[in-house]
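The structure appears below as structure tokens.
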Ligand code: DVN
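Residue numbers (my numbering): 515 to 789.
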């Protein structure tokens with residue numbers, strides 16, 4: 515008799531364990547579904563709100579129209595099939611205004627450059643223009659069959675060439691360089707062996723668009739930190755000068771980062787004296 519009860523008891527415990535495991539599995543599945551649902555859910559409203567809020571800081575732009583021109587470049591498309599040309603309508607809607615003697619390009623010096631232009635308006639970087647400012651630091655993509663804008667599960671910068679973010683910055687950089695005129699300044703990094711990286715946007719897209727009929731001089735500011743590893747005679751800088759249109763002036767200055775930061779912070783000092 516006792517054995518019979520013992521067997522019954524065992525079967526009861528086994529059944530309770532089974533029910534507990536099934537319930538646990540259900541809870542885990544629901545939790546994963548909710549987390550995925552939240553992380554992968556379309557973020558159209560968030561991206562659009564940020565886009566419009568940043569755009570409206572600039573006068574005389576029809577921000578709703580620009581948003582529509584922007585989203586049509588990637589919405590409903592495979593995120594590795596958004597070529598630079600997909601943004602043509604956007605740049606027609608918000609073209610770059612020619613900027614003489616104020617264009618500042620950069621490469622591997624994002625922080626020091628934007629710290630400078632945040633304090634002084636004598637130069638303008640792409641990220642200080644309306645479109646550059648609106649999209650700086652954002653991630654976006656669409657999906658085939660969806661009308662939404664996503665900010666997660668989008669291809670990374672190097673995952674595929676024609677991703678929405680990289681194609682935008684490539685096209686924007688080309689347009690920004692095309693709008694340059696007079697003297698152009700570029701801040702490069704003296705702490706890396708190749709301040710002019712051939713794979714960079716500056717070297718592969720922007721330099722090729724600095725033509726002598728508009729741009730008369732390229733001024734290189736080589737930002738020098740402690741223990742620099744490059745100088746104005748480094749191979750990649752000599753090659754840069756050789757690449758410029760005949761007749762275009764070129765100069766290169768090795769400038770301590772501290773001097774740029776200090777000069778940028780002193781509104782009394784003319785920008786030109788910062789290097
Ligand atoms: O002249 C500037 C400016 O006009 C811009 O439009 O292009 C020039 C800077 O691009 P660059 O010459 O390629 O310089 P960087 O420093 O190599 O790259 C610039 C930015 O592109 C990086 O700051 C990255 O942006 P992020 O993530 O800091 O907002 C992005 N980038 C470049 N290579 C990347 C990358 N992001 C991820 N992975 C990479 N491999």
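Here a beta-carbon is modelled for each residue, glycine too, at the ideal position from N, C-alpha and C. On a predicted model such as this, the values are computed, not experimentally measured, just so you know.
Going straight from the alpha carbon of residue 751 to that of residue 758, what length do you get? Here residue 751 is taken as the residue at index 237 of the chain shown, counted from 1. Here residue 758 is taken as the residue at index 244 of the chain shown, counted from 1. Their backbone Cα atoms lie some 11 Å apart in a straight line.
Between which residues of its own chain and residue 636 is the CB-CB distance below 6 Å, once the five residues before and five after are set aside? Taking the chain shown and counting its residues from 1, one reaches residue 636 at position 122. Cβ neighbours of residue 636 beyond the five flanking positions: 785.
Are the CB atoms of residue 764 and residue 775 within a distance shorter than 7 Å? Numbered from 1 along the chain shown, position 261 holds the residue referred to as residue 775. Numbered from 1 along the chain shown, position 250 holds the residue referred to as residue 764. Taking 7 Å as the Cβ cut-off, residue 775 and residue 764 do not qualify as a contacting pair.
Nearer than 6 Å: is that true of the beta carbon of residue 510 relative to any heavy atom of the ligand DVN? Look at the range of the chain in this structure, 515 to 789, and you will see that residue 510 is not part of it.
Excluding the 5 residues flanking residue 615 on each side, which residues of the same chain have their C-beta closer than 6 Å to its C-beta? As a first step, residue 615 is located in the chain shown; it is residue number 101 there, counting from the start. Hits under 6 Å: 696 and 697.
Are the C-beta atoms of residue 706 and some chain B residue less than 7 Å apart? Absent here is chain B; the protein component of the structure consists of one chain.
If we call anything under 7 Å between Cβ atoms a contact, is residue 583 one with residue 604? Position 69 of the chain shown, counted from the first residue, corresponds to residue 583. Position 90 of the chain shown, counted from the first residue, corresponds to residue 604. Yes, the Cβ-Cβ distance between residue 583 and residue 604 is below 7 Å.
Same chain, Cβ closer than 8 Å to residue 760, neighbours up to 5 away in sequence not counted: Within the chain shown, numbered from 1, the residue matching residue 760 stands at position 246. Same-chain partners within the cutoff: 726.
For a quick check, are the C-beta atoms of residue 767 and residue 743 less than 7 Å apart? Numbered from its first residue, the chain shown carries residue 767 at position 253. Numbered from its first residue, the chain shown carries residue 743 at position 229. In terms of Cβ geometry, residue 767 and residue 743 do not form a close pair [threshold 7 Å].
What are the boundary residues of the beta strand (DSSP E) that residue 620 is part of? Taking the first residue of the chain shown as 1, we reach residue 620 at position 106. The continuous beta strand (DSSP E) containing residue 620 extends over residues 618–621.
Look at the Cβ atom of residue 739, then the Cβ atom of residue 718, and state whether they are nearer than 7 Å. Taking the chain shown and counting its residues from 1, the one referred to as residue 739 is at position 225. Taking the chain shown and counting its residues from 1, the one referred to as residue 718 is at position 204. Remark: C-beta atoms of residue 739 and residue 718 do not approach each other more closely than 7 Å.
Can you tell me where the alpha helix (DSSP H) with residue 646 in it begins and where it stops? Here residue 646 corresponds to residue number 132 of the chain shown, with the count starting at 1. Where residue 646 is concerned, the enclosing alpha helix (DSSP H) starts and stops at 644–649.
Counting beta carbon pairs with one atom in the segment 619–635 and one in the segment 537–545, are three or more of them shorter than 8 Å? These segments do not touch.
Based on DSSP bridge pairs, tell me the residues matched to residue 632. Numbered from 1 along the chain shown, position 118 holds the residue referred to as residue 632. Paired residues: none, contrary to the question.
Report yes if the CB atom of residue 648 is closer than 7 Å to the CB atom of residue 703, and no otherwise. Here residue 648 corresponds to residue number 134 of the chain shown, with the count starting at 1. Here residue 703 corresponds to residue number 189 of the chain shown, with the count starting at 1. Not in contact: residue 648 and residue 703 (Cβ atoms no closer than 7 Å).
I'd like to confirm something about residue 605: is its beta-carbon nearer than 6 Å to some heavy atom of the ligand DVN, or not? Taking the chain shown and counting its residues from 1, the one referred to as residue 605 is at position 91. Flag unset: Cβ of residue 605 not near the ligand DVN.
Count the other C-beta atoms from every protein chain shown that fall within 10 angstroms of the C-beta of residue 544, then say buried if there are 16 or more, exposed otherwise. As a working note, residue 544 is residue 30 in the chain shown. By the neighbour-count rule (16 or more Cβ atoms within 10 Å), residue 544 is not buried but exposed.
Mind reading off the beta-carbon distance from residue 701 to residue 626? Whole number of angstroms is fine, and I expect it under 8 Å. Within the chain shown, residue 701 is the residue found at index 187, counting from 1. Within the chain shown, residue 626 is the residue found at index 112, counting from 1. Their Cβ separation, rounded to whole angstroms, is 7 Å, which keeps residue 701 and residue 626 in contact under 8 Å.
Leaving out five residues before and five after residue 645 in sequence, what residues of the same chain have Cβ atoms less than 7 Å from its Cβ? As a working note, residue 645 is residue 131 in the chain shown. Excluding sequence positions up to five before and after residue 645, its CB lies within less than 7 Å of the CB of 608 and 686, all in the same chain and listed in chain order.
Compute the distance between the beta-carbons of residue 593 and residue 668, then report whether it is under 7 Å. Position 79 of the chain shown, counted from the start, is the residue given in the question as residue 593. Position 154 of the chain shown, counted from the start, is the residue given in the question as residue 668. Taking C-beta atoms as the reference points, residue 593 and residue 668 count as a pair closer than 7 Å.
DSSP three-state assignment for residue 700, whether helix, strand or coil: The residue given as residue 700 occupies position 186 in the chain shown. Three-state result, residue 700: strand.
Going by beta-carbon coordinates alone, are residue 558 and residue 662 separated by less than 7 Å? For the purposes of this step, residue 558 is taken as the residue at position 44 of the chain shown. For the purposes of this step, residue 662 is taken as the residue at position 148 of the chain shown. Yes.
Just to confirm my understanding: we take residue 523, look at its own chain, exclude 5 residues before and 5 after, and list those with CB closer than 8 Å. What are they? The residue labelled residue 523 in the question sits at position 9 within the chain shown. Take residue 523, set aside five residues on each side of it, and no residue of its chain has a beta-carbon closer than 8 Å to its own.
Is the distance from the Cβ of residue 596 to the Cβ of residue 588 below 7 Å? As a first step, residue 596 is located in the chain shown; it is residue number 82 there, counting from the start. As a first step, residue 588 is located in the chain shown; it is residue number 74 there, counting from the start. Contact flag set, yes.
Would you call the CB atoms of residue 723 and residue 688 closer than 7 Å? As a working mapping, residue 723 is identified with position 209 in the chain shown. As a working mapping, residue 688 is identified with position 174 in the chain shown. Yes; because the gap between Cβ atoms is below 7 Å, this pair is in contact.
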